[in-house]
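Structure first, commentary second.
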Ligand SMILES: Nc1ncnc2c1ncn2[C@@H]1O[C@H](COP(=O)(O)OP(=O)(O)OP(=O)(O)O)[C@@H](O)[C@H]1O
Ligand SMILES: Nc1ncnc2c1ncn2[C@@H]1O[C@H](COP(=O)(O)OP(=O)(O)OP(=O)(O)O)[C@@H](O)[C@H]1O
Ligand SMILES: [Mg+2]
Ligand SMILES: [Mg+2]
């Protein structure tokens, strides 16, 4: 008998091109049983494409794959799953009108004569959800009523709940807070112990160094190296990714805070925001964090007029009179911007070009008497494609064809182009690569220095602590605490984040 | 269970009240009722769409439910309405058929005799056709635009036109349906005009379709070089006649048609009239007569 | 659940009360009997339409398919002299074929169902004229047995329609098939990515809808003792209106068969009531236009209140 | 750009050639003259419908609005004896009002335009019957001047229609307004969250569509020398078919006015040709049903090939 190799999945010489882009070029990858193989690379490097090919969703143009030493040529996702290869994709793919349980078990609903056995289904779902710490969620709730973070957890739970040999996780933690990340990692450890091979894609390098056994770096669709994770450090991974050394100096923003830009008093609305008051000053970055579902997104939507508020006043630019903000239009006219958390549903015009997506916020400036000056418009779009390093064939490419991170950059570009005084950015770095992240931090700091107020909502505490002037912590729809720069620590922020739930219970 | 001095209720069920012909019929009936208020109560019901037979059946069922004494009906379909009329008769309601004659075969099968009060459409159409033929040469090309193919009166008018054309030795190059509507008749007329450059006349089974034919002539830039004849004598047709855009039309006295039917029904209720057919007058209308 | 129907029951009762007060002889057994005889065919087609709207489709061809299936039924019974059960089978096959064409064309070329069924609307009507030479076919006796059979005072078609409503609702809310339809209507791409091929389900829904139209054709032919190629022109919009009044979304993913049934009832009572108070054609049109929109507005409020 | 229209031009030429070979006297000046006289009203409404479809809406009421506006035009000219220009203004105001109601109800209660315009379809038709007492109003002379005026051999309505197409295309592809419409049709929520209130734009589009229907009403009345409250029944589906054949998506966000014009031409030539080869009603229906679907399938292929 030949020696049993523990290489589970072999990818050899895989090619994939999209119109105008070489997404993958001769990519090789080995995934071993019981090990985590991380894929890293800049936005648009081809990570998701590779994962999708492995999961049978996309077809490679050349190359071959072996699964447990046998040729592996999945005809589709279903086929791949039948052979034990699963994926949790980068973009949410849940069905809003179905319940959490129905989503988790969508392709294997327990039934008798076609009738669903909801008792069995809900029980099974509760078990699965408990594994990822979502035991508070009612399995019969429509998934659409959950927040993005919780939805991501549902999707992960669905992925984890099935037996498989190879599991690909494409940026599973992009909108998760530390708490959920630890739960996820516990599950990954369990799967490793069961001998599952895991492909793990993330832009959070520290996470990768914590969980991965191997790291493969992709750049422009090519593998630039595969290393054992044990000997690696953050800087080296980044160097491999971008091909040069990165200055990742956190922008210092001390002492530039000036006039009041935004004052929110006693904001209440929906069932998530109970009482939120805060100030944001010109020249600062106000970090906002909290546990998943603490009402961050909802609070920012209320400030922006995206949802009707039940109570509360908003003052702009130190004015004594509350600003009349009923719709996003009012907000934007008064100099506010809101970068939404859900880029696909709320941020982008997927089938339109990068150019049209960027210019939408300020068409008046690239038009004369209502007629668009396409030269001006293209120039504006091109300047952001360059400054944010958006990877696209041309500004005429439709946004839907870009990689997740590059789509996110387009959303950022559109609001930078609007040039507002108060910028509320909800998870703006979601899915953005490390290099670009630091560029965005720099850019936000520069904006603050120019006298803008930046409200930065994020689930990534490290990033908040690196760039914020102050950090506001929301808990159960209320402001739990606001930390001045230097006064915060991970423990103090976390305990503030939990505080609202402890008193509530 | 009815007081002898109770006035009988007569239901007039027509096709579409959105159609001018039936609108006129309705107004005639209302005028008649105004003069005979102490003799009977009137209810007029129309359907939304002339071809919506189901709805008309529902109307009959509804008035049966309301307990009317007589139904005067212009059926939207000469076959499909028979069973429900028979049911009404079985329930003791007097039924009189006007305008569009119920199908004789189905009546026989259903074992029902329903008196028909109305004009002889074939005769009327033949009158108009003969008037036209006097202005044409033997062998001239003419075309017919028919009414809906499932309407008895439509078929009769077509036959009347054909009778006259045959008698005068005209060449009927085509006969197509325009479903009674201006909008449907106009493209048919256009095709006839363009496809037969020597066409001399278009015989339309009603005036609405004649309007479509007139428009088609204008579209083709052929002005008044083709004769158009219509049927029904609607208000617009009189203007067209005056301007010489149509040659003639036939008046079957829509306004009186319903009154004839109602009177017939009232007489039957009183036991004074038997359930026999009664023919009402038709008249040729030409420009000189206006 | 019960609250789901409350608004519609109230609306229905309100209509009945208004008409009972304003029209002589409205509140009588005969009126309700008449309405009961009239709704089965609309109800049955509305069930099919509910399914189609739930998958974010639309079926404009039901009216023509109904006419064609009825026409074929008439031909088979009268011209070919086949026995009734066999004729009904042929009629249902016609419905199945039309549905299959609709469904297969929609999934094969990924076309909007609006346009495919618009094509079928024309083509099936043409075929109906073709087979009947545009003439009404009188059938009479044998067919009438269908409407004349009553069980516990309810006519066979009414019982059938109610059964179809109940089964339809159960299928929609309790079965894997039904849940997949809702999923497809909500996010077809996500369903596909979940490894479920949405295409057979979509074809099945169009099949179902056209077959139900064929069932309705049998009932309608029985009621009219005849088959009319002009039958049901404009019927598709009436059915869609009823289903939408029942709160089914045109965007897909949301709908209820039972509520569609209430929609049908509302439209039927409105029609009967307006006819009985002797409203003129133009008034009927105006009122029914407004009622359609009002009903949907009310439904919006109801939903918003319940969600808050 | 040119490639965009190539497919449609080829389809059009193919139709003309087929009919010229198969129908006697098809390829004659009179035929083309007839077609040229018949398309302006459809073209003008198709422009409005293109805009509505682009914002992911639909306007089923165009046919009834056309009938109502035409009816009012007739009444004002004949019964009130007002001069033509004033009567036309009144007619356009009727269109504006209907459009405003459609648009405002759609945005105020966030209702699907399908259902709102379905309500208007009924209500406006009812109003048309009301104002005319269901009678065709013969106008004659004064109105006919509109169609009888020609410039360089082209009739005034045709010139107007072409002008509207050109302006419509430019507005759609070159102006901020047009861009917003495309954006709203693509993702209305994203537009709203970009600080643009989509509501006035949506209302404007319904206003535009109904007003264009009123313009078409004037032309149609001029062509028919009369105003008919029964005019244009079923016209909305014909217009939608033309626009969709032109490649405008029913899902919103994509469409072209010029291509809609080609869609109108294709349908017009098809209709004239089929009539002229003497096809029977049922054949016409069958063929036009198939052509609608085929045209859209071809358009899908064209798009896929171009994207690959
Ligand atoms: N459907 C598509 N059509 C055209 N180009 C595509 C398509 N999908 C992906 N691409 C291109 O392929 C390249 C690789 O994309 P991929 O999504 O694999 O990147 P990624 O490494 O996952 O990036 P990110 O970190 O931003 O998620 C990108 O340049 C992207 O624009
Ligand atoms: N009116 C609304 N329309 C659409 N989406 C909404 C609306 N209100 C809230 N959401 C979404 O619901 C989710 C819940 O918001 P919430 O404020 O509870 O979450 P959060 O604190 O931002 O946490 P997370 O985003 O991590 O779930 C958010 O993802 C938000 O995008
Ligand atoms: Mg990716
Ligand atoms: Mg959030």
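Protein chains in written order, with the numbering used here: chain Y, 45 to 549; chain C, 1060 to 1349; chain R, 37 to 344; chain D, 37 to 344.
Note that the Cβ used here is the ideal one computed from N, Cα and C, for glycine as well.
On a predicted model such as this, the values are computed, not experimentally measured, just so you know.
Where residue i falls: helix, strand or coil (DSSP)
i              : result
residue 109/D  : helix
residue 222/D  : helix
residue 139/Y  : coil
residue 1063/C : Since pLDDT at residue 1063/C reaches only 49, below the 50 mark, its modelled position is unreliable, and no value is offered.
residue 1177/C : strand
residue 45/Y   : For residue 45/Y, the pLDDT reaches just 38, beneath the cut-off of 50, and the residue's location in the model is therefore unreliable, although a value from the coordinates is still provided. In the structure shown, residue 45/Y sits in coil (DSSP, three-state: anything other than H, G, I, E or B).
residue 1130/C : strand
residue 366/Y  : coil
residue 44/D   : helix
residue 67/Y   : strand
residue 37/D   : In this prediction, residue 37/D has a pLDDT of 47, which is less than 50 and means its spatial position is unreliable; what the coordinates show is noted afterwards. It is coil, neither helix nor strand.
residue 416/Y  : strand
residue 305/D  : helix
residue 548/Y  : Any reading at residue 548/Y must be qualified, since the residue scores a pLDDT of 47, below 50, and its modelled position is unreliable; no value is offered.
residue 375/Y  : helix
residue 237/R  : helix
residue 1161/C : coil
residue 344/D  : With a pLDDT of 48 at residue 344/D, under the threshold of 50, the predicted position of this residue should be treated as unreliable, though the coordinate-derived value follows. Of the three classes helix, strand and coil, the one that applies to residue 344/D here is coil, per DSSP.
Beta-bridge pairing of residue i - partner residues as DSSP gives them
i              : result
residue 1342/C : 1310/C
residue 81/Y   : 243/Y and 258/Y
residue 164/D  : BP columns for residue 164/D are empty, so no partner.
residue 1104/C : 1072/C
residue 74/Y   : 54/Y
residue 1262/C : 1203/C and 1288/C
residue 518/Y  : 334/Y and 523/Y
Chain-ordered chain Y contacts of residue i [CB-CB under 8 Å]
i             : result
residue 211/R : 155, 158, 159 and 160
Under 7 Å from the C-beta of residue i: neighbouring residues of chain D
i              : result
residue 1256/C : 61
Within chain C, partners of residue i - CB distance below 7 Å
i             : result
residue 359/R : For residue 359/R there is no data in the structure shown, the boundaries of chain R being 37 and 344.
Beta-carbon separation (whole angstroms), residue i vs residue j, contact threshold 8 Å
i              : j              : result
residue 80/Y   : residue 257/Y  : 5 Å
residue 88/D   : residue 242/D  : 7 Å
residue 1136/C : residue 1112/C : 4 Å
residue 280/R  : residue 313/D  : Actually they do not touch by this definition, with Cβ atoms about 40 Å apart.
Amino acids of chain D, ordered along the chain, whose beta-carbon sits closer than 9 Å to that of residue i
i             : result
residue 367/Y : Simply none; closest approach about 14 Å.
residue 320/R : 158 and 162
Contacts that residue i makes with chain R (C-beta to C-beta distance below 7 Å)
i              : result
residue 141/Y  : 218, 222, 289 and 290
residue 1351/C : Beyond the ends of chain C as shown, which are 1060 and 1349, falls residue 1351/C; an answer cannot be given.
residue 122/Y  : 231
Proximal chain C residues relative to residue i, where beta-carbon distance stays under 9 Å
i             : result
residue 336/D : Those within 9 Å of residue 336/D in chain C number zero; the least Cβ separation is about 29 Å.
Cβ contact check for the stretch 1184-1194 of chain C and the stretch 1221-1233 of chain C: 3 or more pairs under 8 Å: yes
Cβ contact check for the stretch 180-197 of chain R and the stretch 115-127 of chain Y: 3 or more pairs under 8 Å: no
Three or more C-beta pairs below 8 Å linking the stretch 268-280 of chain R and the stretch 117-128 of chain R: no
Inter-stretch contact at 8 Å, needing at least 3 Cβ pairs: the stretch 292-311 of chain R / the stretch 156-174 of chain D: no
Stretch-stretch touch, CB-based, cutoff 8 Å, three pairs: the stretch 1065-1079 of chain C with the stretch 1125-1133 of chain C: yes
Given 8 Å, three or more beta-carbon pairs between the stretch 56-74 of chain R and the stretch 208-220 of chain R: no
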